[in-house]
Each structure stands twice: as C-alpha cells, then as structure tokens.
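The block underneath contains the structure these notes are about, expressed in structure tokens.
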Amino acid sequence: MSVKQKVLGLTGDEAIAYAIKQVDPDVVAAYPITPQTIIVERFSEYVHNGEVHTEFVSVESEHSALSACVGASATGARAFTATASQGLALMWEILYIAASMRLPIVMAIVNRALSAPINIHCDHSDTMGARDSGWIQIYCENSQEAYDTTIQAWRIAEHPKVQLPVMVNIDGFVLSHTLENVSTLPDEEVKKFIGERKFPEVLNHEGRIVPLILDPENPLTMGAFAMYTHYFEYKRQQVEAMENAKEVIKEVGEEYAKISGRKYGLVHSYKLEDAEIALVGLGSTMGTAKIAADNLRKEGVKAGLLRIRVFRPFPKEEIIKNLENVKAIGVLDRCVSFGGFGSPLFNEVRCIFYDENVKPLISNYIYGLGGRDMPVAQIIDVFKDLKKTAEKGRVEEPVKFVGVRE
Amino acid sequence: MAKKLTVKDLIEKEDLLLKGHRMCAGCIPATAIRLALKAVRGPTIVTNATGCLEVATTILPYTSWAIPWIHSAFENAASTAAGIEAAIRALKKRGSLKYEHVDIIAIGGDGGTYDIGFQALSGALERGHDMLYILYDNEAYMNTGIQRSGGTPLCAWTTTSPVGTVIPGKPEWKKPIAHIVAEHRIPYVATASPAYPADLANKIRKGLEAEGPAFVHIICPCPRGWRFPPNEGIKIARLAVQTCVFPLWEAELKDGFMEYKLSPPSLAIAKKPKLKKPVEEYLMPQGRFSHLFKPERREDLIKRIQEGIDAEWKWLLKKTGLA
C-alpha cells in the first residue's frame, strides 16, 4: 500500500532539486553549467529560505565541486553535486578518486554533448566517457524517475556491500527543461526511507576497529600511496562492490515500490514477450520508442524494446533473458566511440551474446548527437530497417548513423 | 592568543608526523611539517596535496600520520579542505559532531599551490572556509624529479630549467604567492622558516586560531633538488631569511585591509640594515646556483638577483610601514 503523494509540476532539474531538498544532505558543492544549472539554482533557494540544513558550497569549478564532496563524504557527511558535459569532463580525475575511496556521493548528471563544437544539448558522450570510473550509472526515462532515483541513489550508494558513488542521469533539455507531473512523497517518508548514513568498520593502524571516516578520536589515513603490492586488491574489491550493486539496486527498488507504488529495476522491457525486433537504449528516447513500437504493432509488426536503466553495473543476465528470443536487435547509442567498433552500449550488448547458443542479430544505430531530435517517425524507420535485417537473417551493416547529413 | 609556544614546548609536545617515513635524509619539508603539527591545539583533520610529503609518509601498509589524514589529488587540497570544513559545519548544525570544534589543515607543496592548485586555493580563500593552508615550498616539483614551478627562483637549475649554453637556469622570478594570497584579504597570512622553529609554530597556532582562512608559507630547502649536503638544510633556511631572499612577516586583516608586520628575525634587519647578508652567501652553498660561480663568476646574474631581492625587500618595508 503506497503512501499518499502530492503531484507537482516539475522539470527534470526541478524534480532532482526537490528530491535533494527532501533528502536534506549535509553538503552540496556545485558549479553552474547548462543544462544542469536549474538544479543548483533551485537548491540555492531552498538553502537561502532555510528549507534545508545543507551547507551549500558554491565552488569555483566542477573539479573543486567533486573534490569538496570527497572531503565532505570522507568526514562523514552526505554529499551531493550535479553537473553536465564539460563539467563532468573536468571532474574526470576525481571521479576515479571518489569511487576508489569508496565514498557514497550522489551526483546528478544532465547529459549533454562534449565540445567541440560547443553544444549544450543532449548526448550521452559525457557519461559514456566516465563509464569505467567506478561510479554506478542510472539513466532515467522521465522526471518522475529522476525524482525517484535521486532518492533511491543514497540507499544504493551507502549500502554496506556497495559503498560506491552513484550518477543519476537525465537527458539534457528533453528532461531537464520539460515540465511533467511528478508524484512526490511526503518529506518524512523520504527521510524514513533513506535513514541515517552508516559507516563500514575497518582496522586502523593502531590495531583498532574504527568507522571508515575522518575522526580525530580514531585517526585513519585515507588516500594513501599503494605500490603494486596493494593497488590491485583495491581494484578487485571495487569490481566486487559493483557486482553487489545489482542486487542492492533491485532490493532498494522493491522497497521503494512499497511506499511509492513505482517500481524500478535494472532494465525495463516493453512488449518484448512476443517481439521479433527490438530496440535497446538509454534515457528519454526509449519513452518515444514505446509510441513507435505501439504504432508498428497496429500494423502487425512485432516490435518491442528494452530500456537499460542501469548501465553500470551492466545488467548482463537481464539483457540476455529479455532479448534471447528476439530475431534482430537495434542498439541505440547517443554517443560515438571514435575508431571503435560501434558505440559503447552496442559493444557490450553484442559482446554478452557471444557465449549464448541462440544469438540475435545485433546492429548499432548512432543517433541524436548534439541534441539532434529523434522523432517517432525516425524510430519507426529504425524498426523497419531492423525488420529487413531479421528477414535477411544477417547483419549487413553493423553500425549505422541515424538522422545525419552524409 | 594565550601563551606563546617556546622551543621547550615544542620538544615536549608529542609528534603527530611519526618517524619511520621515507622522506629523504635531511628533508626540510619533513622537519617543517613535524614542527608545524606540534602547534596543533585540539581535534584536527589534515588533507594533503599529492607530493613528496604525501607519497613518502603513507606507503601502504604504513602511515606516519597520527591524526586523521586524507589525500585526494594534486590540485585540490584547498577544495578537499573546503568540503571537510563544510561537513564539520553541517554535522555540528545537526548536533551529530562529537567535538566542540575541529581544526582543518590543508598541506600543499609549491607545485600544488603556486601552479596546479592555485585556482582551488583562491576559490577556497574567497569563500572564507575556516582552515589553515600550509605551503611547504621546496621551490620545484621534487617528487617528480626536480622540475621548475612557479615557486622556483630566478636562475635556479631544475631538470626543466636546465643550465644551457643560451639560457642559464630559470628565466623567470618566483611568484609572490604569499602576497597574492594576502590580497584575498583573509584573516591571517605569514611566512616562516624552520630555522626559527618557535616563530614557525606560533604562526601555525595563530593560523589555526584565526576564524576563516589562514595561510602559512614555509621555505623548505631540499637537499636533493637544491644540491646541498643533507646536514645543511636548516643553515640554508636561515640564510634565506638573513639575506632577505625569504623575509619573515605576518599580515592580519584589520578593518577590511591587510596589516603587514615583520617578524623578529627580519625586523632586526630592517632596524639594522647592515645585518642583511649579500645574496651570494645564500646562493653559493646550493648546487642549483653553481653556474653563477663556475666555471666563471656570472657577476651580471648575481647582480640581477641581488637587485631583485633588494627591490622586493624595499617594497616589503613599505608595506610594513618601515620605509
């Protein structure tokens, strides 16, 4: 039985800011960048109107934003930041440090293309470049999910088996600046759901078991220098934590569903039960793709789709289970890997079927770079192209570009 | 400030940077930071930029730090400290801090302060975080093998400002970092030398006591990079002051502006100018300046350095109202 909720008209940015207001983290350190700016603007209003207890650090760069979050989180605070595109690129060095120091920071990313040419619109190149940084990456389809995920992220990040930072991704402008109805939980329900931050215990240099935090009574050295004698084990443990995150994300999703009535998992399938052709992708485009699939189904085409909600950790088992009976799969990538064989999502989806007895035909459709629109008609064209592949029984051109002037 | 710390106090105070670290023999940064930490007054958290001190004191599975310590990256000691400070304020506000107050110290070398970390430092100063930033200045990127930084002095040899047939060492002057920091109009800025340990420790204590950002710039001769025997570091750190290459001063925020004051060793020179030693006494014992003296004496370069030092000193005397 879910709790009574209030429907608010919020953009994606505002939905995230509102969720963070309810979470009331200890420290928010952020820097403005389009299209993320509204998050920090709204949050600043909450701070200046005394609606949160948060210490808001209006830093001089994104590098410092994440660095301040590292310092705050290591001191025991809940720390949040938000960025996009160039800002994320500037943070790149600290992304690895935050994840490797196992700091459960939450960061909202409003996905935007990388320069040059400078462009402010939606594209996933920014976070795809950070896919190996050790952060959990969740891509939202709409503002409702952005709100819900921003609350869930803390539970996932701080879970004792995880202890990793989380990126909550929304599509620039498509979600960040679009007003939607968002059902919001009461403040006390959010507080109850996220609870207090708990700290894992470690053996310190004095031989005592102490909380993993910078505490003058229990001194710890954090961010020490590791030679080849110790470094590798750190990385191995991060791999394990990332693997653990899969179950934790599902558990947290189920618990959240009980209070909100909205359930999220690692992937979301749409009309895949009998589908012969399917699209796989991230974010808001997969919402549009549902309409394309519905339209095609009216014409008798068995189209479906699988939205990858969690890209890191990569939900291999769920993807195989959902897609193993599909004849042809089109992987939509809003990102390009120069010189690579297709783009990241395609690469991984195609790779995981290598050991399977039944292999669907898998091709890559690169679309929407720099915010180029992907309307329903264009998605229908992609489905039709996939249908041809399914009929031919082979992939003739594995990597294609959609909606670009050649 | 209550009673001033004496050398006896420092000897009696327990070490917070413990022995067994892997800093070089005769390393002055290690001495300077060990001394500085003796001025710690209560619960304290340290953050350290990447550099010699960070690497050589925390080689896993060992640590030399007896207080909570965190290293994140090279250019972000100030922003990491800002985050720690914000966290402490937030925890205190919520009533979940078990201490009345926690002091925060950020430590960076010259590379991490003059160059790559300058933006983060300037931002943190402007925002007014209550922290003490200690710059241990060994005047080059020693950890990576003696490359020039914004803190390297004119004509000094480094591996990226070599003594060539055309260019004799570093062609640029040292950046006046402490003055630039002071112009941020923060509560407290000082320069210190480990050759004057009580002065150094009292400046650290004053920096900790200041409400808001404080900055203490410590000259730290490096036997490896400056090319001198490991037993001469303190002597050179003293000569830096005696020649006015590195005068000792403090600046405090008074009515919105910085009030500069010379510290006793430099004040003595200001009062009795003949105490000021010629700069070549400082340059001569250091291998990094040996090309100024051999194979032949480069009077032109020595003169240029002396004139530069004299001009800076005169300017400082004006700032302190002594000229």
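Those protein sequence lines, which keep their order, are chains A and B.
The numbering of the first sequence is my numbering, which starts it at 1 and goes up by one.
The numbering of the second sequence is my numbering, which starts it at 1001 and goes up by one.
Even for Gly, the Cβ is constructed at its ideal location relative to N, Cα and C.
Owing to the predicted nature of the structure, the values given are computational and were not obtained by experimental measurement.
CB-CB under 6 Å to residue 374(A), same chain, minus the five flanking residues each way: which ones, in chain order? Excluding residues within five positions, the ones whose Cβ falls inside 6 Å are 285, 367, 368.
Compare the C-alpha of residue 120(A) against each of 134(A), 171(A), 166(A) and name the closest. 171(A)
State the Cα-Cα distance for the pair residue 165(A) and residue 1268(B), rounded to the nearest angstrom. 55 Å
Please confirm if residue 313(A) has its CB atom under 8 Å from at least one CB of chain B. no
When you compare only the Cα positions, how much space is there between residue 46(A) and residue 69(A)? The alpha-carbon atoms of residue 46(A) and residue 69(A) are separated by roughly 19 Å.
Should residue 961(B) be flagged as near chain A, meaning a C-beta pair shorter than 8 Å? Outside the modelled stretch of chain B, which goes from 1001 to 1323, sits residue 961(B), for which no answer is possible.
Using a beta-carbon distance cut-off of less than 7 Å, what residues from the stretch 1088-1116 of chain B approach chain A? 1088, 1089, 1090, 1091, 1093, 1094, 1099, 1102
Mapping the DSSP letters down to three states, classify residue 298(A) as helix, strand or coil. helix
Minimum length 4: unbroken alpha helix (DSSP H) runs contained in the stretch 1177-1203 of chain B: 1177-1182
Within 8 Å, strictly: CB atoms of residue 55(A) and residue 1086(B): yes
Establish whether the CB of residue 1143(B) and some CB of chain A are separated by less than 8 Å. Residue-level contact check: residue 1143(B) does not touch chain A, since none of the beta carbons of chain A fall below 8 Å from its beta carbon.
What is the residue span of the alpha helix (DSSP H) that residue 303(A) lies within? It is not in any alpha helix (DSSP H) - residue 303(A) instead sits in the beta strand (DSSP E) that spans 303-308.
For residue 338(A), count neighbouring Cβ atoms within 10 angstroms of its own Cβ and tell me buried if that reaches 16, exposed if not. exposed
Could you pull the start and end residues of the alpha helix (DSSP H) that residue 71(A) belongs to? 62-74
8 Å is my cut-off, CB to CB: does residue 407(A) come that close to chain B? There is simply no residue 407(A) to check, as chain A begins at 1 and stops at 406 in what is shown.
Proximity test, Cβ basis, 8 Å: residue 84(A) and chain B: Not closer than 8 Å to any Cβ of chain B, the Cβ of residue 84(A) fails to qualify, so no.
What is the rounded straight-line gap between the Cα of residue 1287(B) and the Cα of residue 1013(B)? 35 Å
is_contact[residue 35(A), chain B] using C-beta, thresh 8 Å: No, because no Cβ of chain B sits closer than 8 Å to the Cβ of residue 35(A).
List the residues of chain B whose Cβ lies closer than 9 Å to the Cβ of residue 60(A), in chain order. Simply 1079, 1119, 1120, 1122, 1123, 1124, 1126, 1127.
Determine the burial state of residue 1129(B): buried for a count of at least 16 other Cβ atoms within 10 Å of its Cβ, exposed for fewer. buried
With DSSP as the reference, please indicate the residues paired to residue 1108(B) in a beta bridge. 1135(B)
Under a Cβ-count criterion, where at least 16 other Cβ atoms within 10 Å of its own Cβ denotes burial, should residue 1213(B) be classed as buried or exposed? buried
Proximal residues to residue 357(A) (C-beta, below 8 Å), its chain only, five neighbours per side dropped: none
How many angstroms separate the CA atom of residue 396(A) from the CA atom of residue 1074(B)? 49 Å
What is the C-beta distance between residue 1107(B) and residue 1136(B), in whole angstroms, given that I count them as a contact (C-beta under 8 Å)? 7 Å
Count Cβ pairs between the stretch 1010-1028 of chain B and the stretch 1162-1180 of chain B that sit closer than 8 Å; are there 3 or more? no
If you drop the 5 nearest sequence neighbours on each side, which residues of the same chain put their C-beta closer than 8 Å to that of residue 1306(B)? 1278, 1279, 1280
Along chain A, in chain order, which residues have C-beta atoms closer than 8 Å to that of residue 1060(B)? Result: 224, 225, 226, 227, 229, 230.
Identify, in the order they occur along the chain, each residue of the same chain with its Cβ nearer than 6 Å to the Cβ of residue 1234(B), setting aside the five sequence neighbours on each side. Leaving aside the five residues that flank residue 1234(B) on each side, the residues in its chain whose CB is nearer than 6 Å to its CB run, in chain order, 1195.
When Cβ atoms are compared, which residues of the stretch 97-110 of chain A fall closer than 9 Å to chain B? Of all residues in the stretch 97-110 of chain A, 97, 98, 101 have a Cβ within less than 9 Å of some Cβ in chain B.
Along the alpha helix (DSSP H) that carries residue 85(A), what are the first and last residues, could you check? 85-100
Look at the alpha carbon of residue 65(A) and the alpha carbon of residue 260(A), and state the distance between them as a whole number of angstroms. 32 Å
Between which residues of its own chain and residue 8(A) is the CB-CB distance below 6 Å, once the five residues before and five after are set aside? 182, 184
Cα separation between residue 1032(B) and residue 1266(B)? 19 Å
Rounded straight-line distance, which links the Cα of residue 403(A) to that of residue 372(A): 8 Å
For residue 30(A), verify whether its CB is less than 7 Å away from any heavy atom of the ligand GDP. The ligand GDP is not part of this structure, which contains no ligands at all.
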